[in-house]
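Before any comments, here is the structure.
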Amino acid sequence: MAIKIVTICGSVRPGNYTQMALNLAIDELNKHPDVEVTSIDLRELDMPLPGLPASKPGAIQAFQETVSEATGVLLASPEYHGGIASPMKLAIDNLGFPSKLAGKPVSILGVAAGVIGAIKSSEQLRAICAHVGAVPLPLAVSIPHVQQVFDESGHCNDEAAEGFIRRSATSLIDYINNHICPRISLEAIMRERESE
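So the sequence shown is residues 493 to 688, counted in the working numbering.
Written as structure tokens, this is what we have:
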């Protein structure tokens, strides 16, 4: 059974550091042959504000279906003015009610230019995910001084930071393998026995 991971980058600025960090996490996910990664580009969705009709309803529906079919989700967000980036919040708001994130394990990766990293935005994102019924993993990864961690080409200059970023991916895979896949397998066995 393939493990389907959806990644969402909360920054839409070209050449942003959040995507650079997320690329490392995606690289780590791609090391697992049983993992299928789908990366969502929020710029392509033209997401409506809550309460307004979508200009691209097909794109929003496809976004919702992709997340709904995911085994787990990795959310990467910069910290802007002490909170999560508005595109990330808008993406969550466009996942419907009940949310397509409900019941999904979510790994959180935050980056910030400041010395304390993305602590505030990561905690906000954790609270929002829990509120909509997702299962945010205990260890959010927060990268401070992100503009010093990556060069302009996206190469990571900090071995320790790279390890933390990659852990946002491995933690998600470990959770899925240790908690979700065994449960699904057990349910399948029980269904087979009941049908006999």
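Each residue gets a CB set at the ideal place from its N, CA and C atoms; glycine is no exception.
When the Cα atoms are used, what is the spatial distance from residue i to residue j?
i: Gly655; j: Pro540; result: 36 Å
i: Cys648; j: Ala632; result: 19 Å
i: Arg535; j: Pro525; result: 29 Å
i: Val464; j: Asn669; result: Because the chain spans 493 through 688 in this model, residue 464 falls outside it and cannot be assessed.
i: Ser560; j: Val624; result: 13 Å
i: Tyr509; j: Asp643; result: 9 Å
i: Asp650; j: Val641; result: 5 Å
i: Ala653; j: Ser663; result: 15 Å
i: Ser578; j: Gln556; result: 18 Å
i: Tyr667; j: Leu544; result: 36 Å
i: Leu593; j: Pro636; result: 27 Å
i: Pro549; j: Asn586; result: 11 Å
i: Val638; j: Ala554; result: 32 Å
If we count the other Cβ atoms within 10 Å of its Cβ and call it buried at 16 or more, is residue i buried or exposed?
i: Gly595; result: exposed
i: Glu571; result: buried
i: Glu520; result: buried
i: Leu566; result: buried
i: Lys689; result: There is no way to answer for residue 689, as the model of the chain reaches only from 493 to 688.
Taking the Cβ atom as the reference point for each residue, do residue i and residue j lie within a distance shorter than 7 Å?
i: Thr499; j: Leu514; result: yes
i: Pro628; j: Arg618; result: yes
i: Ile584; j: Gln616; result: no
i: Ala626; j: Val598; result: yes
i: Ile497; j: Gly564; result: yes
i: Ser613; j: Gly602; result: yes
i: Ser569; j: Gly502; result: yes
i: Met512; j: Gly646; result: yes
i: Ala689; j: Ala661; result: As displayed, the chain neither begins before 493 nor continues past 688, which places residue 689 out of reach and without an answer.
Identify whether residue i lies in helix, strand or coil by the three-state DSSP scheme.
i: Phe589; result: coil
i: Glu644; result: coil
i: Pro597; result: strand
i: Leu567; result: strand
i: Lys581; result: helix
i: Pro525; result: coil
i: Lys612; result: helix
i: Gly602; result: strand
i: Pro628; result: strand
i: Gly507; result: coil
i: Val638; result: helix
i: Ser660; result: helix
i: Ser560; result: helix
i: Gly575; result: strand
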